[in-house]
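Protein chains in written order, with the working numbering: chain P, 1 to 304; chain U, 1 to 434.
We treat Cβ as the ideally placed atom computed from N, Cα and C, and that holds for glycine.
In what follows, a structure is listed as C-alpha cells, so that the remarks can point back to it.
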Amino acid sequence: MWIQIRPSKNRLRTDSEREGQVDLLFFKLAIAMYLASALGYLLFLLASSGSRAIFAFWSALAGFVLHALSILHRAIFSGFFPLATAFDALSFFSWLLIGLFLAMRYREPSPIFGSIATPIACVLMLFGSTLSYQIQEPLVPVLRSWWLPIHVTLALIGNGIFALTAVSGLMYLLQERLIKRKRIGRFHRLLPSLEALDTLNRRGVPLGFFFLTLGIISGALWAGSAWGYYWSWDPKETWSLITWFAYAAMVHQRLALGWRGKRAAILAIIGFGLVMFTFLGVSALFSGHHAFSGVGSLRGATGL
Amino acid sequence: MSAEILVIGLNHSTAPVEIREKITFPGDDQGAVTRSFLQIEGVQEAMILSTCNRAELIVTTEEPEPTGERVVDAIGRIHGLDMERFRKFLYFKQGSEGIRHLFRVASSLDSMVLGEPQILGQVKEGYRRAAAVQATGPVMNRLMHHAFFAAKRVRSETGIGSAAVSVAYVAVELARKILGELTNKRVLLLGAGEMAELAARHVMNQVDAPLVVVNRTFENACLLARQLQGSALPLDQLEQGLVAADVVITSTGSCDPVICTAEMKNVMRRRRFRPIFIIDIAIPRDVEPEVNDIDGIYLYNIDDLQAVVDENIGGRRQEARKADVIVNEEVEKFVHWTKTLDTTPVIVALRERLEAIREGELVRQNGKLATLTPAQRETVEAITRSIINKIAHDPIAFLKKAGLTSKRNDYFYAAQRMFRLDDRSEDDDFGEES
C-alpha cells in the first residue's frame with residue numbers, strides 16, 4: 001500500500017508512521033552490507049587474503065544496489081528526488097562515494113581503497129540513521145525544482161571525487177614515508193604504488209574541480225530561477241567559492257609548475273578539509289539559503 | 001589391514017650436497033624407473049620425486065617395514081651404491097607422518113627457500129610421470145590430488161609466497177612501488193663493472209626501453225652498452241642522463257661519491273620532480289646518503305636491500321606456522337578417507353546408502369500409501385527391504401572376496417564412486433586425472 005504516492009500532501013507524517021517502510025528496510029540492509037564489506041576489507045588488511053577482498057567487494061556491490069533501491073523508493077514515496085533532509089543528503093553522498101569506489105576499481109584494483117571507502121560510508125550512514133528520516137511536508141516550493149537533483153548531484157559527485165583524492169593523498173604520504181624510511185613490510189605491500197596514487201591525484205583533482213564548477217554554476221542558475229538573483233554571498237556560496245579557488249590553484253600548480261607527489265597529496269587533503277567544512281560546517285555555523293539542507297536542518301531551520 | 005603411505009628419501013637438511021647429487025633416479029624421463037618399483041614385493045603404487053634438493057620415493061604398501069627395506073635395496077641397486085653407507089641420511093615416514101611430509105613438501109614448507117614456488121610443479125611432474133606408466137592407483141591419485149589441494153590452500157590463505165627473498169627481486173618490487181609499471185621506464189647504469197652488468201641483466205627483464213651506460217672510461221661504457229643493447233654516455237654528460245632516467249644503478253670503483261646532493265637538487269628541478277629510484281651497490285658508496293632526503297628521490301644501497309630480504313624471510317617463517325595448521329587439517333581429512341577404504345566400512349556404507357534410498361522413497365510416497373491397512377503396509381516394507389537385500393547381496397559378496405586380493409583398493413574405490421558412498425563435498429575439487 002505504501003508503494004503508491006500518498007494522496008494527502010499536507011499532512012506531516014510522524015516517524016512512527018513511517019516505521020517499517022520499504023526504503024528504510026533497504027537502507028538498513030545496505031548498511032548491513034557495507035558493514036560486512038568493511039569487515040571483509042578489515043580482515044583483508046589483517047591477513048592480506050585475496051578471497052576476503054573479493055567477498056568485501058561483492059558485499060559493497062550488493063549494498064550499493066540495495067541502497068539505490070532505498071533512494072529510488074524514497075523518491076517514489078515522496079514524489080520527488082529525496083534530497084531535502086540531512087538524512088537524505090548523507091545517504092545520497094554515501095551512495096555516490098561507494099559508486100565512485102566501485103567505478104574506480106577498474107582503474108586501480110587495489111582493495112585498500114575499499115577498506116577506506118566502505119568504513120566512511122558506514123559512518124556517514126550510521127550517523128544519518130540517527131537523524132530524522134521524516135520527509136518534511138509541505139516541501140518548500142523552491143525545493144520542488146529540477147535544479148535540486150542537478151545541483152546536488154553535481155556538487156556531491158565533486159565532493160566524492162575530492163574525498164577519494166584526499167584518501168589517495170593520505171596513502172601517498174604514508175607510502176612515501178615507508179619507502180623513504182626503508183620500512184618495507186606488509187603495510188608497504190598493501191598500499192598501491194606511488195605512481196598509481198599520484199595518477200589518481202592528477203586525474204581526480206581536475207575532474208572533481210570540473211564537477212565543483214558545474215555544481216556552483218547550477219546552484220547560481222537555480223537561485224536565479226527561484227529568486228531572480230544568481231549570487232547573494234550567503235555563507236555556503238562564499239565557502240564554495242573559496243574551495244573553488246583552492247582547487248583552481250591546485251590544478252594550476254600541477255599543470256603549470258609540475259607540482260606532484262607529496263605536495264599534490266598534501267594539497268588534496270587540505271582541499272578536502274575545505275570541502276567538508278563547506279558541506280557540513282557552514283550549515284551548522286551559519287544560516288542562509290542552504291539552511292534547509294545538510295546538518296542545518298538539525299537545528300530545525302527550514303525557512304529561507 | 002589397509003594400505004599405508006610410505007615415504008623414503010633424503011633432502012637438503014638430512015644429506016649434504018655430495019650425497020644428494022648421487023641419488024637422482026637416472027633414466028626416469030619416461031617413468032621406467034618408477035615403473036620398476038612396482039616389481040618389488042609389497043609395493044602397490046609408486047612415485048618418484050627428484051629435485052636438486054631432495055630425492056624421495058613415495059609408495060603405498062600394506063607392510064611398511066619389510067617393503068621399506070626392499071625399496072632401499074632397490075634404490076641402491078639403481079644407483080650402484082652400497083645403501084648401508086647412506087642409511088643415516090634417509091628418512092622413513094609412514095602413515096599420517098608420511099602424508100604430512102608430502103603435503104608440506106608440496107606446499108613448499110620443507111623447501112630450502114621457504115615458500116619457493118617451483119616445488120609444486122616438480123611434485124606435479126613426478127606424479128604425472130608415475131601416472132603415465134600406471135604406477136599410481138586410487139590411493140596415490142587421491143593422495144596427490146589432496147596434496148595439490150593443500151598446497152593451493154596454503155598459497156591462497158597464507159602470505160608464504162608473497163615476499164621477495166633475493167636482492168634483485170626486492171629491487172624490482174620496490175621500483176614498481178615507486179614508479180608503477182616498469183616496461184616504459186628508463187634505466188641508467190653508472191659504472192661498467194661486473195656488478196653493474198649483473199644487476200642490469202635482472203632489471204632488463206622488466207624494462208623495454210634500451211638502457212644507458214655511463215662510465216669514466218668511455219670505451220668500457222660502449223663495450224657494456226653493446227652487450228646489453230643500450231647506449232653509452234661519457235661521464236661529463238651524467239647530469240643529462242640523470243634527468244632522463246627513472247632507475248639508476250651505480251657501481252663505480254670511485255673512492256668519493258659520484259652523485260652529490262647539490263647536483264641532484266638541480267637534476268630534480270630539471271626533471272620537474274618526477275620520482276627517481278637510485279640503487280647504490282658500490283662499496284664505498286657512490287651516492288651521498290643525504291640525497292635520500294631530497295623530495296622525490298628514493299635511495300637504497302645494497303645493505304638496505306639486504307635488510308628487506310632478511311625481513312621477508314622472517315615474515316615467511318611466521319606464515320609457515322599458519323600453513324602448518326592448514327596442512328594438519330588436510331592430513332586429518334585424508335587419513336579419515338583412507339580409513340573408509342576397508343572391507344567393513346565400505347560394506348556398512350553401502351548398506352546404509354541403500355537403506356536410506358528405500359526409506360526416502362517410502363516417505364516420498366507416504367500420501368499414496370496412507371490408505372493402506374497396517375498389514376498391507378507391513379507387506380510393502382517387507383518387499384522393499386527384500387529388493388534392497390537382493391540387490392546388495394552380490395556386490396557385498398564380491399567386495400568381501402575382493403578384500404582379500406591385491407586389487408582391493410581399486411574395487412573399494414570403484415564401489416565408493418559408483419554408490420556415492422563418500423559424499424564429502426571436496427571430492428569434486430580433486431577432479432579426474434587425465
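Runs of alpha helix (DSSP H) wholly within the stretch 65-108 of chain P (minimum 4 residues, chain order): Those alpha helix (DSSP H) runs which fall completely within the stretch 65-108 of chain P and span 4+ residues are 86-104.
Could you tell me whether any Cβ in chain U is nearer than 8 Å to the Cβ of Ala344(P)? Since the first residue of chain P shown is 1 and the last is 304, residue 344(P) is not available in this structure.
Cα-Cα separation between Asn312(U) and Lys265(U), rounded to whole angstroms: Walking along the second sequence from the start, residue 312(U) turns up at place 312. Walking along the second sequence from the start, residue 265(U) turns up at place 265. The C-alpha of Asn312(U) lies about 33 Å from the C-alpha of Lys265(U).
List in chain order: all unbroken beta strand (DSSP E) runs of 3+ residues lying wholly within the stretch 206-258 of chain U. Runs of the beta strand (DSSP E) inside the stretch 206-258 of chain U: 212-215, 231-234 and 247-250.
Helix, strand or coil: which one does DSSP assign to Leu447(U)? Because chain U spans 1 through 434 in this model, residue 447(U) falls outside it and cannot be assessed.
Does the Cβ-Cβ distance between Gly215(P) and Ala155(P) come in under 8 Å? In the first sequence, residue 215(P) corresponds to position 215, counting from 1. In the first sequence, residue 155(P) corresponds to position 155, counting from 1. Closer than 8 Å, so yes.
Under a three-way DSSP split, which group does Arg417(U) fall into? By one-based count along the second sequence, residue 417(U) stands at place 417. Look at Arg417(U) here: in three-state DSSP terms it is helix.
Whole angstroms is fine: what's the gap from Ala200(U)'s alpha carbon to Leu189(U)'s? Translated into positions along the second sequence, residue 200(U) becomes position 200. Translated into positions along the second sequence, residue 189(U) becomes position 189. The alpha-carbon separation between Ala200(U) and Leu189(U) amounts to approximately 7 Å.
Could you tell me whether the Cβ atoms of Glu355(U) and Ile388(U) are closer together than 8 Å? Taking the first residue of the second sequence as 1, we reach residue 355(U) at position 355. Taking the first residue of the second sequence as 1, we reach residue 388(U) at position 388. Yes, they are a contact pair.
Contact list for Ser193(P) against chain U, beta-carbon separation under 8 Å: Residue numbering aside, residue 193(P) sits at position 193 when the first sequence is read from its first letter. Arg176, Lys177, Ile178, Leu179 and Gly180, listed in chain order.
Against chain P, does Val308(U) count as a neighbour if the rule is that its beta carbon must be under 8 Å from one of theirs? Working through the second sequence from its first residue, we reach residue 308(U) at position 308. Answer yes: the Cβ-Cβ gap between Val308(U) and chain P drops below 8 Å somewhere.
I'd like to know if the stretch 280-291 of chain U and the stretch 210-229 of chain U are in contact, where contact means that at least 3 CB-CB pairs between them fall below 8 Å. Contact between the stretch 280-291 of chain U and the stretch 210-229 of chain U is absent, because fewer than three Cβ pairs lie under 8 Å.
For Ala55(U), the first and last residue of its enclosing alpha helix (DSSP H): Position 55 of the second sequence, counting from 1, holds the residue named residue 55(U). Membership of Ala55(U) in any alpha helix (DSSP H) is not indicated; the residue belongs instead to the beta strand (DSSP E) covering Arg54 to Thr61.
Around the C-beta of Met1(P), are 16 or more other C-beta atoms found within 10 angstroms, so that it is buried, or is it exposed? Locating residue 1(P) in the first sequence gives position 1, counting from the first residue. Caution applies to Met1(P), whose pLDDT of 30 falls short of 50 and renders its modelled position unreliable; the model cannot decide the point.
Under 8 Å by Cβ, that's how I've got Arg408(U) and Ala402(U) pegged, so tell me the actual separation to the nearest angstrom. Here residue 408(U) corresponds to residue number 408 of the second sequence, with the count starting at 1. Here residue 402(U) corresponds to residue number 402 of the second sequence, with the count starting at 1. Correct: roughly 5 Å between the Cβ atoms.
Tell me whether Val213(U) is buried or exposed, calling it buried when 16 or more other Cβ atoms sit within 10 Å of its Cβ. Walking along the second sequence from the start, residue 213(U) turns up at place 213. Result: buried.
Could you pull the DSSP bridge partners for Asn11(U) from this structure? Reading the second sequence from its first residue, position 11 is the one you call residue 11(U). Answer by DSSP bridge pairing, in chain order: Arg54(U).
Contact between the stretch 161-179 of chain P and the stretch 219-235 of chain P: three or more CB pairs below 8 Å? Verdict: no, contact absent.
Quick check on Val328(U): does DSSP put it in helix, strand or coil? Stepping through the second sequence from its first residue, residue 328(U) is reached at position 328. The sequence as given places Asn at residue 328(U); Val does not occur at that position. For Asn328(U), the secondary structure class from DSSP, reduced to helix, strand or coil, is helix.
Contact list for His188(P) against chain U, beta-carbon separation under 8 Å: The residue you call residue 188(P) lines up with position 188 of the first sequence. For a Cβ distance threshold of 8 Å, residue set Lys177 of chain U lies close to His188(P), ordered along the chain.
At a Cβ cut of 7 Å, what residues of the stretch 247-272 of chain P count as close to chain U, listed as they run along the chain? Residues of the stretch 247-272 of chain P with a C-beta atom less than 7 Å from some C-beta of chain U are Gly258, Arg260, Gly261 and Lys262, listed in chain order.
Would you please verify whether the beta carbon of Ile179(P) is less than 8 Å from any beta carbon of chain U? On the first sequence, position 179 is the one that residue 179(P) refers to. At least one chain U Cβ lies under 8 Å of Ile179(P).
Looking at the secondary structure, which residues open and close the alpha helix (DSSP H) in which Tyr230(P) lies? Within the first sequence, the letter at position 230 stands for residue 230(P). No alpha helix (DSSP H) contains Tyr230(P), which DSSP labels as neither H nor E.
Just to confirm before moving on: does the CB-CB distance between Asp286(U) and Ser254(U) stay below 8 Å? As a first step, residue 286(U) must be located in the second sequence, where it is residue number 286. As a first step, residue 254(U) must be located in the second sequence, where it is residue number 254. Taking 8 Å as the Cβ cut-off, Asp286(U) and Ser254(U) qualify as a contacting pair.
In terms of residues, what are the limits of the alpha helix (DSSP H) holding Asp394(U)? For the purposes of this step, residue 394(U) is taken as residue 394 along the second sequence, with counting starting at 1. Counting along the chain, the unbroken alpha helix (DSSP H) around Asp394(U) starts and ends at Pro374 to Ala402.
Which residues bound the alpha helix (DSSP H) around Asp73(U)? Here residue 73(U) refers to the residue found at position 73 when the second sequence is read from its first residue. Per DSSP, Asp73(U) is one residue of the alpha helix (DSSP H) stretching across Pro64 to His79.
For Pro111(P), count neighbouring Cβ atoms within 10 angstroms of its own Cβ and tell me buried if that reaches 16, exposed if not. Here the question's residue 111(P) lines up with position 111 in the first sequence. By the 10 Å Cβ count, Pro111(P) comes out buried.
Can you list the residues of chain U that Ser51(P) reaches, using a CB-CB cut of under 9 Å? Locating residue 51(P) in the first sequence gives position 51, counting from the first residue. Near Ser51(P) (Cβ distances below 9 Å), the residues of chain U are Ser156 and Glu157.
Mind checking whether Phe55(P) and Gly79(P) have CB atoms under 8 Å apart? For the purposes of this step, residue 55(P) is identified with residue 55 of the first sequence, where counting begins at 1. For the purposes of this step, residue 79(P) is identified with residue 79 of the first sequence, where counting begins at 1. The Cβ-Cβ distance between Phe55(P) and Gly79(P) does not fall below 8 Å.
If contacts are defined as beta-carbon pairs under 8 Å, then Asn159(P) and Val275(P) qualify, I think. What distance do you get, rounded to the angstrom? For the purposes of this step, residue 159(P) is taken as the residue at position 159 of the first sequence. For the purposes of this step, residue 275(P) is taken as the residue at position 275 of the first sequence. About 5 Å separates the two Cβ atoms, so the contact holds.
Sufficient close CB pairs (3 or more, under 8 Å) joining the stretch 161-173 of chain U to the stretch 324-331 of chain U: The stretch 324-331 of chain U and the stretch 161-173 of chain U do not touch, with fewer than three beta-carbon pairs separated by less than 8 Å.
Are Ile157(P) and Phe101(P) touching if we call contact CB-CB under 8 Å? In the first sequence, counting from the first residue as 1, residue 157(P) sits at position 157. In the first sequence, counting from the first residue as 1, residue 101(P) sits at position 101. The criterion of a C-beta distance shorter than 8 Å is not satisfied by Ile157(P) and Phe101(P).
In its own chain, which residues sit with a C-beta less than 7 Å from the C-beta of Ser115(P), not counting the 5 before and 5 after it? For this step, residue 115(P) is matched to residue 115 along the first sequence. Around Ser115(P): Tyr41, Leu42, Phe44 and Leu45.
Using only the alpha-carbon positions, how far apart do Leu109(U) and Val308(U) sit? The residue you call residue 109(U) lines up with position 109 of the second sequence. The residue you call residue 308(U) lines up with position 308 of the second sequence. Val308(U) has its alpha-carbon roughly 21 Å from the corresponding atom of Leu109(U).
Kindly list, in the order they appear in chain U, the residues whose Cβ is closer than 8 Å to that of Gly185(P). For the purposes of this step, residue 185(P) is taken as the residue at position 185 of the first sequence. Here the neighbours are Glu311 and Gly315.
Tell me whether Ser156(U) is buried or exposed, calling it buried when 16 or more other Cβ atoms sit within 10 Å of its Cβ. For this step, residue 156(U) is matched to residue 156 along the second sequence. In summary, Ser156(U) is exposed, with fewer than 16 beta-carbon neighbours lying within 10 Å of its beta-carbon over all protein chains present.
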